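To start, the structure itself, in structure tokens.
Residue numbers (our numbering): 16 to 170.
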């Protein structure tokens, strides 16, 4: 690995998965250093929080208190809002999509599609909605790679 520790995130994720192996998908979800502790019964929450914090301390891992949220029913976890009613899009992501500048090149369309792909689970029939943009990125499309002319919107 000549350009640095490229496996560091994967190695850390493996370490965290091993550390919390018995709790993952039971009361804990972990993505790198983002730990979500979830329970149906709020009375049991302090016990599980203590268990997670204890394991972290035993392995010389520490939490920054200002980044921790305890006893909440709604949380923004990795850009997805999780609440008792289910999953929803983070409003910041919605605003980023609606305020995205209109793409003028194929590369800009590809960048936009890469960003909105993250939100596809929340948009019914996303592939149908995004198909015209994907068509613009195909090499067989006339004008591929050139600045695209604005099409009148139907809204």
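Ideal Cβ placement from N, Cα and C applies to all residues, glycine included. Since the model is a prediction, treat every value here as computed from it, not as a measurement.
Strictly by DSSP, which residues pair up with residue i?
i, result
"residue 104", "95"
Mind checking which residues open and close the beta strand (DSSP E) that includes residue i?
i, result
"residue 40", "Per DSSP, residue 40 belongs to no beta strand (DSSP E) and is neither H nor E."
The ligand HEM and residue i: does the residue's C-beta get closer than 7 Å to at least one heavy atom of that ligand?
i, result
"residue 24", "With respect to the ligand HEM, the structure offers nothing, as it holds no ligand at all."
If you reduce the DSSP assignment to three classes, tell me which class residue i lands in.
i, result
"residue 62", "helix"
"residue 143", "helix"
"residue 33", "helix"
"residue 90", "strand"
"residue 45", "strand"
"residue 150", "helix"
"residue 138", "coil"
"residue 73", "helix"
"residue 21", "coil"
"residue 81", "helix"
"residue 57", "helix"
"residue 28", "helix"
Taking the alpha helix (DSSP H) that residue i falls in, what are its first and last residues?
i, result
"residue 51", "Careful: residue 51 lies outside any alpha helix (DSSP H), inside the beta strand (DSSP E) at 49 to 52."
"residue 122", "121 to 131"
Between residue i and residue j, which are expected to be in contact by the criterion C-beta below 8 Å, what is the C-beta distance as a whole number of angstroms?
i, j, result
"residue 121", "residue 151", "7 Å"
"residue 145", "residue 128", "6 Å"
"residue 47", "residue 28", "6 Å"
"residue 70", "residue 35", "7 Å"
"residue 103", "residue 112", "Wrong, their Cβ atoms sit about 14 Å apart, outside the cutoff."
Buried or exposed, going by whether 16 or more other CB atoms sit within 10 Å of the CB of residue i?
i, result
"residue 31", "buried"
"residue 16", "Low local confidence applies: a pLDDT of 41 at residue 16 is under 50, so the model's placement there is unreliable, with the coordinate-based value given in what follows. It is exposed - the Cβ of residue 16 has fewer than 16 other Cβ atoms within 10 Å."
"residue 89", "exposed"
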